[in-house]
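The structure under discussion appears below in the form of structure tokens.
Protein chains: 2
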Amino acid sequence: MSTLANDRFLRALRREAVDRTPVWIMRQAGRYLPEYRATRARAGDFLTLCKTPELACEVTLQPLARFPLDAAILFSDILTIPDAMGLGLSIDEGVGPRLAHPVRSAADVARLGVPDPVDDLGYVMDAVRLIKQELHGRVPLIGFAGSPWTLATYMIEGGGGDHDFKRAKAWVYSEPRLLHQMLEVVTRSVSGYLQAQRAAGVDALMIFDTWGGALAADAYREFSLQYMARIVSELGNAVPVILFTKGGGAWLEAIADTGCSAVGLDWTVPPAEARRRIGHRVALQGNLDPAVLRAPIPVIEREVAATLGAFGSAPGHVFNLGHGITPDINPDHVAALVAAVHRGAG
Amino acid sequence: MSTLANDRFLRALRREAVDRTPVWIMRQAGRYLPEYRATRARAGDFLTLCKTPELACEVTLQPLARFPLDAAILFSDILTIPDAMGLGLSIDEGVGPRLAHPVRSAADVARLGVPDPVDDLGYVMDAVRLIKQELHGRVPLIGFAGSPWTLATYMIEGGGGDHDFKRAKAWVYSEPRLLHQMLEVVTRSVSGYLQAQRAAGVDALMIFDTWGGALAADAYREFSLQYMARIVSELGNAVPVILFTKGGGAWLEAIADTGCSAVGLDWTVPPAEARRRIGHRVALQGNLDPAVLRAPIPVIEREVAATLGAFGSAPGHVFNLGHGITPDINPDHVAALVAAVHRGAG
């Protein structure tokens, strides 16, 4: 059914044989690229960049012009949903995101509404359509959203917090009903948002559960995983869905049981062990430590080969980092990584 | 052999039957206690508190006067070793530790010497002896150190860093030989330091590998675990040793294989799964989410019962949090936790 010139990424997500392991990089359109920084400067601020489809399209395509990547990922931010809910988002790339109106009470939760993906987040759908057009079917386009728990964390903390998430985690234990009420609204928002991205043309979807790993095991199932599972189920089988819980290495089996197509692995998870625990019912995506990209190129090549070897030759591996690329990385090192993946384990 | 009035903690570490699950709390002598804050104010600064045996003894005993805990832990800091190495430690409890002379080059590594536990860290051994005397055998005393990798991380970063550990992780991939050379010196320092604590009278030892979870799986084995294993082996069987790698849930089997007596679990690890994976060759310590202590007391009681239930009735469980207690906790909530552990799962 695919009309893509390169559908290696989608084939790997379906655990079909591929001629070489597909590769893309979390945050591949980002600050490590001088051309990104130039567009960003032109836009004036980060949110304008997200909200202007032509600029979002431009930065989405930038890494593809440099590297033979096997997928594009929509340039956007997971906080577009809280922004569309009216929480007053501002993003300073040096400091992190801030919400002027965090959710702190039952009244705040009661006020939350589900944004309309077309009326309130139409700029994202416009960007998807424009990118699909500009891609000319070269590679698939990935859409994405934050997980309900991760978005709720930002919404309660009012920003990135101190990685301790005191307020959000206080709700887990002291206000579980209120938190579920909030997650209900956020889940409907994420589900509708991802369905609209699919309708606009994305070829695959990824849910970023950046802060799921802050939860205890039982709380993770109750407050993060079950809501992601519902979204996966509501999306049906139209496009593959990748779930990524950073710090979720202890829960891989449960994540694979949601019905997703692929599980994202951070770098703490040994690939062979992940495969042994999960079996072959889903694809795996990951998991090179982003710190490797700071090393000399021969080390990058060695670590790529080791990672490919650890994932083994069975179908169903999408090469990626275990977390987003950082702004200090030399683009030449990314080129070396992509070339090494395409050369294979050796 | 024990002359302790309460040896429940040591019995659990040896996986012997106990009348009730022993409990202590990481950072139990700390800022959440008003009496600690008073002593700290009297000392003037944190390091003076660490370096004055009478004051270290006083704060070590404070939580025991309030709660029927089953162990005391030496009040100290993992950075006493870099301090004794002359790296110029200062600790501002609000900001975190800073080292005036971080280790940034081969010349810096070459200059590092192994501190003499008696000459350079005698104040720690004096504190151990004084605490043992003041405890009058009521409960066991735990000594501790940071893991070599965790100490090296602070020494390279010059402080707590940004949790990204860019400099230290750059050494992993770009300067592995230099890092091994440094870890060799730090390992000898930690090993001698823990042996001296044992000689001074501690009943058990714990190694805190706070930043082991920042490493990829292979790098964890090479740069953190193998050095902890060597320390465990050099300590022999005189006292039980607990290893705790925060974020190390993916590597429990390997940690248990070091010869340690117990593995510390953070809150992401489901206890029943840890037991299934490790078997009964070691005791387990942990793993309540510290965030639970912010909840109302009935929730704390419910979560304690659930945790006890999840660990099951087989011998070899020491109740603890999955990480240190935070300064904002109400001491009454700690009292409720300790009482709930002693009442048991039922």
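Those sequence lines, one after another, are chains A and B. One point on numbering: in this note's numbering, the residue at position 232 of the first sequence is 232, and numbering is uninterrupted. Convert by adding 1000 to the 1-based position in the second sequence; the result is the number in this note's numbering. Note that beta-carbon positions come from the ideal geometry of N, C-alpha and C, so glycine has one too. These numbers were taken from a predicted model, which means no experiment stands behind them.
What do you get for residue i, buried or exposed, if any count of 16 or more other CB atoms within 10 angstroms of its CB means buried?
{"i": "Ser224 of chain A", "result": "buried"}
{"i": "Leu194 of chain A", "result": "buried"}
{"i": "Asp266 of chain A", "result": "buried"}
{"i": "Pro1240 of chain B", "result": "buried"}
{"i": "Glu1157 of chain B", "result": "buried"}
{"i": "Pro82 of chain A", "result": "buried"}
{"i": "Ala1272 of chain B", "result": "exposed"}
{"i": "Pro1063 of chain B", "result": "buried"}
{"i": "Arg276 of chain A", "result": "exposed"}
{"i": "Ala245 of chain A", "result": "The sequence as given places Thr at residue 245 of chain A; Ala does not occur at that position. Thr245 of chain A comes out buried."}
{"i": "Thr1268 of chain B", "result": "buried"}
{"i": "Ala1214 of chain B", "result": "buried"}
{"i": "Gly94 of chain A", "result": "exposed"}
{"i": "His323 of chain A", "result": "buried"}
{"i": "Asp203 of chain A", "result": "buried"}
{"i": "Ser147 of chain A", "result": "buried"}
{"i": "Ser189 of chain A", "result": "buried"}
{"i": "Leu99 of chain A", "result": "buried"}
{"i": "Gly236 of chain A", "result": "exposed"}
Just tell me which of the options has its CA closest to the CA of residue i.
{"i": "Ser233 of chain A", "options": "A:Ile300, A:Ala216, A:Ser261, A:Arg129", "result": "A:Ser261"}
{"i": "Val185 of chain A", "options": "A:Trp149, A:Tyr36, A:Gly137", "result": "A:Trp149"}
{"i": "Pro68 of chain A", "options": "A:Phe9, A:Pro315, A:Arg294", "result": "A:Phe9"}
{"i": "Phe1165 of chain B", "options": "A:Ala291, A:Thr21, A:Ala310", "result": "A:Ala291"}
{"i": "Asp96 of chain A", "options": "A:His163, A:Gly201, A:Gly143", "result": "Just to set this straight, residue 96 of chain A is Gly in the shown sequence, not Asp. Of the candidates A:His163, A:Gly201, A:Gly143, the one whose C-alpha sits nearest the C-alpha of Gly96 of chain A is A:His163."}
{"i": "Arg249 of chain A", "options": "B:Ala1204, B:Pro1270, B:Ile1297", "result": "Note that residue 249 of chain A is Gly in the sequence shown, not Arg. The shortest C-alpha separation from Gly249 of chain A is found at B:Pro1270."}
{"i": "Pro318 of chain A", "options": "A:Pro298, A:Ile297, A:Val263", "result": "Note that residue 318 of chain A corresponds to Val in the displayed sequence, not to Pro. That would be A:Val263, whose Cα lies nearest to the Cα of Val318 of chain A."}
{"i": "Thr187 of chain A", "options": "A:Pro176, A:Met228, A:Arg221", "result": "A:Met228"}
{"i": "Gln197 of chain A", "options": "A:Ser76, A:Gly94, A:Gly322", "result": "A:Ser76"}
{"i": "Asp1126 of chain B", "options": "B:Arg1275, B:Leu1074, B:Arg1104, B:Ala1100", "result": "B:Leu1074"}
{"i": "Met206 of chain A", "options": "A:Leu13, A:Thr3, A:Leu135, A:Ala254", "result": "A:Leu13"}
{"i": "Gly192 of chain A", "options": "A:Thr3, A:Leu4, A:Lys246, A:Asp119", "result": "A:Asp119"}
{"i": "Leu1033 of chain B", "options": "B:Val1059, B:Gly1213, B:Asp1045, B:Thr1048", "result": "B:Val1059"}
{"i": "Leu321 of chain A", "options": "A:Ser174, A:Arg27, A:Asp203", "result": "A:Arg27"}
{"i": "Asp1123 of chain B", "options": "B:Arg1111, B:Gly1212, B:Gln1181, B:Thr1048", "result": "Reading the sequence as shown, one finds Tyr at residue 1123 of chain B and not Asp. Here the closest residue by C-alpha is B:Thr1048."}
{"i": "Ala1238 of chain B", "options": "B:Leu1252, B:Gly1259, B:Pro1176", "result": "B:Gly1259"}
{"i": "Ala345 of chain A", "options": "A:Ala306, A:His323, A:Ala314", "result": "A:Ala306"}
{"i": "Arg104 of chain A", "options": "A:Ala217, A:Leu178, A:Ala314", "result": "A:Leu178"}
{"i": "Gly1316 of chain B", "options": "B:Ile1297, B:Ile1242, B:Asp1108, B:Pro1102", "result": "B:Ile1242"}
{"i": "Val299 of chain A", "options": "B:Leu1130, B:Ser1174, B:Ile1300, B:Arg1167", "result": "B:Ser1174"}
Can you name the residues of chain B whose CB is closer than 7 Å to the CB of residue i?
{"i": "Ala305 of chain A", "result": "The premise fails here: Ala305 of chain A is roughly 13 Å from chain B at the closest Cβ pair, so nothing lies under 7 Å."}
{"i": "Val299 of chain A", "result": "Tyr1173, Ser1174"}
{"i": "His163 of chain A", "result": "His1163"}
Expressed to the nearest angstrom, what Euclidean distance is found between the alpha-carbon atoms of residue i and residue j?
{"i": "Ala1334 of chain B", "j": "Asp1007 of chain B", "result": "Checking the sequence, you will find Val at residue 1334 of chain B rather than Ala. One C-alpha to the other measures close to 21 Å."}
{"i": "Leu1293 of chain B", "j": "Ala1029 of chain B", "result": "16 Å"}
{"i": "Cys1050 of chain B", "j": "Thr1210 of chain B", "result": "20 Å"}
{"i": "Ala1106 of chain B", "j": "Gly1159 of chain B", "result": "19 Å"}
{"i": "Ala256 of chain A", "j": "Ile278 of chain A", "result": "7 Å"}
{"i": "Ala199 of chain A", "j": "Leu1337 of chain B", "result": "51 Å"}
{"i": "Ala969 of chain B", "j": "Leu1288 of chain B", "result": "Since the first residue shown for chain B is 1001 and the last is 1346, residue 969 of chain B is missing from the structure and cannot be characterised."}
{"i": "Ala1340 of chain B", "j": "Val1304 of chain B", "result": "6 Å"}
{"i": "Leu1352 of chain B", "j": "Lys1132 of chain B", "result": "Residue 1352 of chain B is absent from the model: chain B starts at 1001 and stops at 1346."}
{"i": "Ala254 of chain A", "j": "Leu1004 of chain B", "result": "44 Å"}
{"i": "Gly1201 of chain B", "j": "Tyr154 of chain A", "result": "47 Å"}
{"i": "Ala170 of chain A", "j": "Ala219 of chain A", "result": "12 Å"}
{"i": "Tyr36 of chain A", "j": "Pro1331 of chain B", "result": "51 Å"}
{"i": "Trp1251 of chain B", "j": "Leu1308 of chain B", "result": "23 Å"}
{"i": "Arg1230 of chain B", "j": "Leu1121 of chain B", "result": "21 Å"}
{"i": "Ala71 of chain A", "j": "Leu135 of chain A", "result": "10 Å"}
{"i": "Ala217 of chain A", "j": "Ala1110 of chain B", "result": "44 Å"}
{"i": "Ala152 of chain A", "j": "His1180 of chain B", "result": "42 Å"}
In chain A, which residues lie less than 7 Å from residue i when you measure between Cβ atoms?
{"i": "Trp1267 of chain B", "result": "Ala216"}
{"i": "Ala1256 of chain B", "result": "The contacting residues do not exist; Ala1256 of chain B stays about 15 Å from chain A at best."}
For a contact meaning CB atoms closer than 9 Å, what does residue i contact in chain B?
{"i": "Arg294 of chain A", "result": "Lys1166, Lys1169, Ala1170, Tyr1173, Ser1174"}
{"i": "Gly213 of chain A", "result": "Gly1247, Thr1268"}
So with CB distances below 8 Å, who are the chain B contacts of residue i?
{"i": "His136 of chain A", "result": "Neighbours of His136 of chain A on chain B: none; closest Cβ ~37 Å, over 8 Å."}
{"i": "Ala250 of chain A", "result": "Gly1249, Ala1250, Thr1268, Val1269, Pro1270, Glu1273"}
Answer yes or no: does any C-beta atom of chain D fall closer than 7 Å to that of residue i?
{"i": "Ala71 of chain A", "result": "Of the chains in the structure shown, none is chain D; the protein chains are A and B."}
Would you check if there are 3 or more beta carbon pairs closer than 8 Å linking the stretch 1107–1121 of chain B to the stretch 1082–1089 of chain B? Verdict: yes, contact present.
Indicate whether the contact test is met: 3 or more Cβ pairs, each with one atom in the stretch 323–337 of chain A and one in the stretch 275–283 of chain A, closer than 8 Å. Not touching, per the Cβ criterion.
Quick one: any contact between the stretch 9–27 of chain A and the stretch 133–151 of chain A, if contact means 3 or more CB pairs under 8 Å? yes
Assess contact between the stretch 34–43 of chain A and the stretch 51–61 of chain A, defined as three or more Cβ pairs (one per stretch) separated by less than 8 Å. Is contact present? Counting Cβ pairs under 8 Å, three or more are found: they touch.
The stretch 1061–1077 of chain B touching the stretch 1021–1032 of chain B, judged by at least three CB pairs closer than 8 Å: yes
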